[in-house]
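Some notes on the structure that comes next.
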Amino acid sequence: MGAAPAIDFDAELMLRVREGDESCFQALLDRHRNSLVHFLYRMVQDSGAAEDLAQDVFLKIYRSRTNYEVTARFTTWMFRIATHTALNWLRDEKHNRRQASLEPDQQVEDRQPSTEARLVQNVRVAEIRDAIRSLPEKQRAAVLMHKYQGMDYAQIAGALECSESAVKSLLFRAYESLRARLAHLGTR
Numbered sequence: 018m019g020a021a022p023a024i025d026f027d028a029e030l031m032l033r034v035r036e037g038d039e040s041c042f043q044a045l046l047d048r049h050r051n052s053l054v055h056f057l058y059r060m061v062q063d064s065g066a067a068e069d070l071a072q073d074v075f076l077k078i079y080r081s082r083t084n085y086e087v088t089a090r091f092t093t094w095m096f097r098i099a100t101h102t103a104l105n106w107l108r109d110e111k112h113n114r115r116q117a118s119l120e121p122d123q124q125v126e127d128r129q130p131s132t133e134a135r136l137v138q139n140v141r142v143a144e145i146r147d148a149i150r151s152l153p154e155k156q157r158a159a160v161l162m163h164k165y166q167g168m169d170y171a172q173i174a175g176a177l178e179c180s181e182s183a184v185k186s187l188l189f190r191a192y193e194s195l196r197a198r199l200a201h202l203g204t205r
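Per the working numbering, the sequence shown runs over residues 18 to 205.
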């Protein structure tokens with residue numbers, strides 16, 4: 018194997034948390050809370066649950082601080098915990114899941130589109146969200162990490178605890194399903 022990877026800033030913070038610096042934990046929470054809540058919301062489709070799950074993820078991170086070792090980027094480790102937490106919640110709560118939209122009211126533009134344009138856009142966004150929501154759980158997690166979190170294959174593989182080739186396969190199957198389901202959106 019090659020040289021050990023450089024430690025990222027977040028991993029440095031977590032190492033300081035391991036040594037007892039509570040302010041560094043707050044810094045990690047401040048840096049990653051929003052992206053974690055958004056990721057979890059996209060996974061579970063329930064804003065209240067996403068908030069609760071994010072707290073659970075940070076609690077798990079804090080509880081495991083004394084055993085923390087830098088084996089990957091901090092965010093890879095964090096999203097691994099978040100993915101497992103979300104998948105467990107989905108298995109436990111599958112029958113109670115609400116069909117909520119993914120991030121309502123997130124469209125922000127400098128100019129106001131016409132009412133018709135907004136309606137068309139809302140329908141398109143809803144169709145895309147429904148298509149993503151319909152993917153199998155691991156495919157959905159891989160797509161959300163890839164497209165919404167900007168994670169590369171190695172980071173996703175670390176978070177999902179699988180090989181990079183398995184991630185490529187998950188993403189290929191997911192994007193093929195999405196292309197087939199959303200083909201009608203590209204014909205305009």
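Built from N, CA and C at the ideal position, the CB exists for glycine as well.
Computed from a prediction, not measured in an experiment: that's the story for all the values here.
* Can you have a look at Phe189 and say buried or exposed, based on whether 16 or more other CB atoms are within 10 angstroms of its CB? => Indexing the sequence shown from 1 puts residue 189 at position 172. With fewer than 16 other Cβ atoms within 10 Å, it is exposed.
* Asked: Between the Cα of Phe42 and the Cα atoms of Ser52, Ser182, Leu30 and Asn51, which residue gives the shortest distance?
  -> Here the question's residue 42 lines up with position 25 in the sequence shown. It is Leu30.
* Cα-Cα, which of Thr102, Ala103, Ser186 and Leu195 is closest to Asp147? -> Residue mapping note: residue 147 aligns to position 130 of the sequence shown, counting from 1. Minimum Cα distance to Asp147 is reached at Leu195.
* To do: Assess, as a yes-or-no matter, whether the segment 172-184 is touched by the segment 154-164 under the definition of 3 or more beta carbon pairs within less than 8 Å.
  => yes
* Label Asp109 either buried or exposed according to how many other C-beta atoms from any shown protein chain fall within 10 Å of its C-beta, with 16 as the threshold for buried. => The residue you call residue 109 lines up with position 92 of the sequence shown. Burial call: exposed.
* Asked: Out of curiosity, what's the CA-to-CA distance linking Arg135 and Thr83?
  -> As a first step, residue 135 must be located in the sequence shown, where it is residue number 118. As a first step, residue 83 must be located in the sequence shown, where it is residue number 66. If I take the Cα positions, the gap works out to 50 Å.
* To do: Could you check if Arg90 is buried or exposed, using at least 16 other CB atoms within 10 Å of its CB as the buried criterion?
  => If you number the sequence shown from 1, residue 90 lands on position 73. By the neighbour-count rule (16 or more Cβ atoms within 10 Å), Arg90 is buried.
* CB-CB under 7 Å to Leu57, same chain, minus the five flanking residues each way: which ones, in chain order? -> Taking the sequence shown and counting its residues from 1, one reaches residue 57 at position 40. Within the same chain, Leu57 has close Cβ partners Ala67, Leu70, Ala71, Ala99 and Ala103.
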